[in-house]
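Asker: Submitted below is the structure of interest, expressed as structure tokens.
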């Protein structure tokens with residue numbers, strides 16, 4: 044609403060304005076334009092050529108690709124850190140159980156040992172897959 048009021052105020056004043064891109068400083072040519080055409084406002088700078096815009100957009104696209112790759116690397120690193128932490132926690136618990144002499148262990152403790160070994164094995168496999176994926180991604184990025 045304010046935009047239309049601002050436009051109508053400037054159109055009525057017919058004050059020639061110099062800078063293009065800011066509504067309150069834009070000179071509007073009303074000859075031959077219908078009401079619908081006056082509602083269309085472009086914020087494009089007239090100082091940039093289409094080729095310059097395309098080049099800047101290409102630079103931005105390359106930067107975006109670099110940032111996406113970096114985000115992916117950081118996610119791999121965070122997953123790796125979490126998996127290593129989980130593995131270390133399970134290993135510590137397993138060490139505590141292994142320290143108990145076999146004759147003194149309860150059936151529940153022996154069962155827990157087996158569970159811990161299987162969990163550690165699964166986490167190590169998961170980490171191996173993660174490292175392989177990270178390596179494949181890193182190599183594919185360097186090939187481009």
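Residue numbers (this note's numbering): 44 to 187.
Heads up, the beta-carbon is just placed ideally off N, CA and C, and yes, glycines get one too.
#1: Do you know whose CA, among 179, 181, 167, 105, lies nearest residue 125's CA?
#2: Out of curiosity, what's the CA-to-CA distance linking residue 121 and residue 155?
#3: Quick check on residue 148: does DSSP put it in helix, strand or coil?
#4: Helix, strand or coil: how does DSSP classify residue 142 here?
#5: When the Cα atoms are used, what is the spatial distance from residue 171 to residue 158?
#6: Express the C-alpha separation of residue 135 and residue 127 in angstroms, rounding to a whole number.
#7: Taking Cβ to Cβ, would you say residue 143 is nearer than 8 angstroms to residue 152?
#8: Roughly how far, in whole angstroms, is the beta-carbon of residue 129 from the beta-carbon of residue 173, given that I think they are within contact range, below 8 angstroms?
Answerer: To lay it out plainly:
#1: 167
#2: 28 angstroms
#3: coil
#4: coil
#5: 20 angstroms
#6: 12 angstroms
#7: yes
#8: The pair is not a contact, with the Cβ atoms about 12 angstroms apart (cut-off 8 angstroms).
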